[in-house]
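**Q**
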Amino acid sequence: MRNYNNILVINLMHIGDLMLATPVLRTLRANYPNSRITLLVDKKLADLVVHNKWIDECLLIDKKGADNALPAFIKFIKKVRHKNYDLVINLHRNERASALAAFSGAKTIVGYSKPIFSLWFTKVMNNPSVAHHIGWGPFHLFPPYKYVPGWEHQVHAHLNVLKEALDIEQIDDGGLEMWVDEKDTASADKIWLDSFPKDTKVVAFNIGASWITKRWLDSYFAQCADQLLDKGYGVAFFGGPMDTEIVNKCISQMKNKDSELIKVFTGKLSLAELAAMLKKCALMLTTDSGPMHVGVSQSVPVVTMFGASPVPGFYPYDAKDVLIKSPEPCHPCGIHQCPHAGDRNLACMKNITVETVMKYVWELLEKYEDQAGNMPREYGAYKCRVVEATKAE
47 MRNYNNILVI NLMHIGDLML ATPVLRTLRA NYPNSRITLL VDKKLADLVV
97 HNKWIDECLL IDKKGADNAL PAFIKFIKKV RHKNYDLVIN LHRNERASAL
147 AAFSGAKTIV GYSKPIFSLW FTKVMNNPSV AHHIGWGPFH LFPPYKYVPG
197 WEHQVHAHLN VLKEALDIEQ IDDGGLEMWV DEKDTASADK IWLDSFPKDT
247 KVVAFNIGAS WITKRWLDSY FAQCADQLLD KGYGVAFFGG PMDTEIVNKC
297 ISQMKNKDSE LIKVFTGKLS LAELAAMLKK CALMLTTDSG PMHVGVSQSV
347 PVVTMFGASP VPGFYPYDAK DVLIKSPEPC HPCGIHQCPH AGDRNLACMK
397 NITVETVMKY VWELLEKYED QAGNMPREYG AYKCRVVEAT KAE
């Protein structure tokens, strides 16, 4: 294994993508204990990694703001080049990240890349966690095509980059990791104490998702919340500002909508506060989403529903968790808008029933609720339980 003194890791994608890259940082530190390790991320996601103890620096790009225009982006590339990295590892195959890696000036550049930029890479890897579309016409304009879902978890794919491109043999996979500083922890503590009576067991709800086809029905979430409130549990709604409307719609359908044990934090928290708040929860009921992976990083037991999402690539990376997979034959489709009409529209989610979901919610609560805030994590035990729902359930 060759030694590198100044290492740059690039991941410019979304919340979940960034959390799934964190095992790479730990493994790099284990193999290069004296090297300088820098992580390049989108500025708006800095909270997720700025306190990561395996890196020396977090380099931030304002990719939708100040660094978005081409002249500003070229200036940012020059900034990267002046850092004199000798190894660059790119962990997402999009144009911006590929260009930054390709023109970084590093002698060794490995990872995922768009074809044009791959000319500057030392070794380009395929990402077996993401879907492949076979049979598209020129410029992806002419379906039909064949959708081939990913077959390996994103964490394993990233670690394979280190093994195959850098000959790293010592893999130190500590699962998804995120640290929160004292200020944000104190802020979350105050919010929590102001929101829930002492000793209340709280279930986190994250009901939004980037695709409509990843969203379980808001009426189903409402029924789950009512059942929990009937048993004396608190219900905390999380998510970003874009989820406010769907959360309000969900609550409007609840028979217990006026309960003092319902608290809405949707769009009101920083990512650091979100993590600190999730850590206090007894369980997280969630769609396939970025906050789901933040919850995993805080070792909160997760119950999640996968409709359009491919299970092998992005399941919650903790053995405590339960993933309920759609019974529909079109699962997973990877399509953002369901092409079916009538009763078949979003059938992948409609046919994961409340009864099925609550079966596993009660099971995990019985096992873990007394450990809320101090959940165990078993090193190496990251394969969640996958349950295939049946329409008869």
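According to the numbering used here, the sequence shown is numbered sequentially starting from 47. By construction, the Cβ of each residue, glycine as well, lies at the ideal position given by its N, Cα and C atoms. All of these numbers come straight from a predicted model, not from anything done at the bench.
(1) What is the DSSP secondary structure of H186, reduced to helix, strand or coil?
(2) Where are the beta strand (DSSP E) runs, 3 residues long or more, that stay fully inside the stretch 53 to 122, in chain order?
(3) What span of residues does the beta strand (DSSP E) with F251 cover, start to end?
(4) What are the uninterrupted segments assigned as alpha helix (DSSP H) that are 4 or more residues long and contained completely in the stretch 341 to 399, given in chain order?
(5) Counting beta carbon pairs with one atom in the stretch 294 to 304 and one in the stretch 260 to 273, are three or more of them shorter than 8 Å?
(6) For V368 versus Y406, is the C-beta distance shorter than 7 Å?
(7) Would you tell me roughly how many angstroms separate the C-alpha atoms of Y414 and L320, rounded to the nearest one?
(8) Between the Cα of I441 and those of F283, E374, L66 and T332, spot the shortest distance and give me the residue it belongs to.
(9) S335: which of C394, N77, A115 and I258 sits nearest, CA to CA?
(10) Excluding the five sequence neighbours on either side, which residues of its own chain have a C-beta within less than 7 Å of the C-beta of T290, listed in chain order?
(11) Just curious, the beta strand (DSSP E) that Y193 is in, first and last residue?
(12) Could you check which residue in Q273, A143 and V357 has the C-alpha nearest to that of E198?
(13) Does DSSP put R139 in a helix, a strand or coil?
(14) Which whole runs of the alpha helix (DSSP H) in the stretch 259 to 332 are 4 residues long or more, in chain order?
(15) Spatial neighbours of I101 within its chain, please: CB distance less than 6 Å, with the 5 preceding and 5 following residues excluded, ordered by chain position.
(16) How would you write the range of the beta strand (DSSP E) that I162 sits in, first residue to last?
(17) What did DSSP end up calling G336 once you bin it into helix, strand or coil?
(18) Would you call the CB atoms of M351 and I381 closer than 7 Å?
**A** Per the coordinate set shown:
(1) In this prediction, H186 scores a pLDDT of 47, lower than 50, which makes its location untrustworthy; the coordinate-derived value is nonetheless stated afterwards. Here H186 sits in helix by DSSP.
(2) 82 to 88 and 103 to 107
(3) V248 to N252
(4) 357 to 360 and 393 to 396
(5) yes
(6) yes
(7) 20 Å
(8) Not covered by the structure: residue 441. The range shown for the chain is 47 to 439.
(9) I258
(10) T312 and G313
(11) K192 to V194
(12) V357
(13) coil
(14) 264 to 276, 290 to 298 and 317 to 325
(15) L71, I83 and L85
(16) It is not in any beta strand (DSSP E) - I162 carries neither H nor E in the DSSP assignment.
(17) helix
(18) no
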